[in-house]
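The numbers in the sequence shown follow the UniProt record's numbering, run straight up by one, and end at 248.
Working notes, structure below.
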Amino acid sequence: MEVLESVLGYSFRDRQLLTMALTHGSVGYEAQRVQADNQRLEFLGDAVLQLLLSELLYQRLPKADEGKLTTLRSQIVSTKALANVARRLKLGSFLIMGRGEQANGGRERESTLADVLEAVAGAIYLDGGIAEAQRFARFLFSEDLEKLLVNPGDQNPKGQLQEIIQSVGPMPPQYEILGQSGPDHAKSFEASVNWMGAVLGTGSGNSKKEAETASAKAALESPTLIAQLKSLASLNIKSTKISVIKCE
Numbered sequence: 001m002e003v004l005e006s007v008l009g010y011s012f013r014d015r016q017l018l019t020m021a022l023t024h025g026s027v028g029y030e031a032q033r034v035q036a037d038n039q040r041l042e043f044l045g046d047a048v049l050q051l052l053l054s055e056l057l058y059q060r061l062p063k064a065d066e067g068k069l070t071t072l073r074s075q076i077v078s079t080k081a082l083a084n085v086a087r088r089l090k091l092g093s094f095l096i097m098g099r100g101e102q103a104n105g106g107r108e109r110e111s112t113l114a115d116v117l118e119a120v121a122g123a124i125y126l127d128g129g130i131a132e133a134q135r136f137a138r139f140l141f142s143e144d145l146e147k148l149l150v151n152p153g154d155q156n157p158k159g160q161l162q163e164i165i166q167s168v169g170p171m172p173p174q175y176e177i178l179g180q181s182g183p184d185h186a187k188s189f190e191a192s193v194n195w196m197g198a199v200l201g202t203g204s205g206n207s208k209k210e211a212e213t214a215s216a217k218a219a220l221e222s223p224t225l226i227a228q229l230k231s232l233a234s235l236n237i238k239s240t241k242i243s244v245i246k247c248e
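See below:
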């Protein structure tokens with residue numbers, strides 16, 4: 001545990017919290033008994049990292065609007081991004097998991113690595129309080145944040161948009177090719193990206209993929225994107241409640 005604490009830059013008062021954060025659910029499953037694992041700490045850590053990264057972005061980018069802040073946050077705490085940070089810290093080698101899960105590549109599974117990083121953040125929050133959790137969040141994300149600010153062109157519009165939408169509701173965005181024009185050797189395609197029956201953005205390109213990417217970029221550049229998504233999600237919740245009442 002001392003080695004991992006050195007990597008994390010934090011010494012636990014209650015090391016049982018760290019052990020729990022590293023324990024995968026497969027341990028209890030294979031033993032066929034109740035075994036404390038990292039799922040609850042992952043739940044807590046997810047919320048802690050979201051809050052502290054939001055604060056970091058708010059302070060670092062005083063002129064950025066809600067949409068820009070949300071876009072950056074969704075990139076930095078995406079499953080892929082968190083897994084990359086976990087790999088950098090070599091958290092996979094410290095995981096406690098069942099033999100079957102380990103044999104199936106569990107130590108390198110993206111979702112598992114993201115989960116254990118969140119669980120460790122939750123454990124640090126419980127053990128050391130908000131100040132230590134804040135220090136840990138800065139340690140984790142400062143490098144990635146600086147890279148995004150220096151190289152905005154490296155961003156993936158479709159991935160960004162999906163991450164933002166997933167923070168609002170479970171339904172993924174849908175892309176539609178609206179039409180094409182031009183000769184075979186120089187075709188131009190137009191696409192739209194839609195969510196919950198509403199068009200979020202349209203764009204064009206020399207291929208269907210380029211057109212879809214352009215539509216996602218247009219959606220991200222809309223100053224009303226976040227408000228539109230929240231409104232659509234709210235309408236969906238209300239319609240679902242009405243349907244349930246009618247069924248009853």
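Cβ atoms here follow ideal geometry from the backbone N, Cα and C, with glycine treated the same way.
As the structure is a prediction and not an experimental result, all values here were calculated from the model.
With respect to the beta strand (DSSP E) encompassing residue i, which residues constitute its N-terminal and C-terminal limits?
i    : result
T19  : Element bounds for T19: not the beta strand (DSSP E) but the alpha helix (DSSP H), 15-22.
Y175 : 174-181
Note down, in chain order, each residue of its chain lying with its Cβ closer than 8 Å to the Cβ of residue i, except the 5 sequence neighbours on either side.
i    : result
G153 : Note that G153 scores 49 on pLDDT, short of 50, meaning its location in the model is unreliable; the coordinates nonetheless yield the value given after this. The answer is none, since no qualifying residue turns up.
A186 : N206
K208 : I177, F189, A191
L69  : S54, L57, Y58, L61
Enumerate in chain order the residues of its own chain whose CB-to-CB distance from residue i is below 7 Å, with the five nearest sequence positions on each side excluded.
i    : result
C247 : For C247, the predicted structure reports a pLDDT of 44, less than 50, and the residue's modelled location is therefore unreliable. The matter cannot be settled from this model.
V77  : L49, Q50, L53
Using CA atoms only, rank isn't needed, just tell me which of the options is closest to residue i.
i    : options              : result
L220 : V116, L89, L200      : L200
V27  : G98, Q166, A137      : G98
P183 : N206, L161, Y175     : N206
E163 : L56, T23, K80, D65   : K80
E101 : G25, G122, P157, K90 : G25
L89  : E176, R73, E108      : E108
Could you check if residue i is buried or exposed, using at least 16 other CB atoms within 10 Å of its CB as the buried criterion?
i           : result
V85         : buried
residue 250 : Within the shown structure, residues of the chain are numbered from 1 to 248, placing residue 250 beyond reach of any answer.
A103        : exposed
A211        : buried
P62         : exposed
Only counting the same chain, and skipping five residues up and downstream in sequence, which positions put a Cβ closer than 6 Å to that of residue i?
i           : result
residue 260 : With the chain covering only 1 through 248, there is no way to say anything about residue 260.
A119        : A21, N38, L41, E42, G45
I124        : Y10, E132, A133, F136
A83         : E110, L113, A114
G67         : L225, I226
Which stretch, first to last residue, makes up the alpha helix (DSSP H) that contains residue i?
i    : result
G201 : That residue, G201, is in no alpha helix (DSSP H); its beta strand (DSSP E) goes 198-205.
V3   : 2-8
E163 : 157-166
Any contact of the segment 51-64 with the segment 132-139, i.e. 3+ C-beta pairs under 8 Å? yes
How about the segment 157-176 and the segment 141-148: do they share at least three Cβ pairs that are nearer than 8 Å? Look at the beta carbons and you see the segment 157-176 not touching the segment 141-148: under three pairs across the two are nearer than 8 Å.
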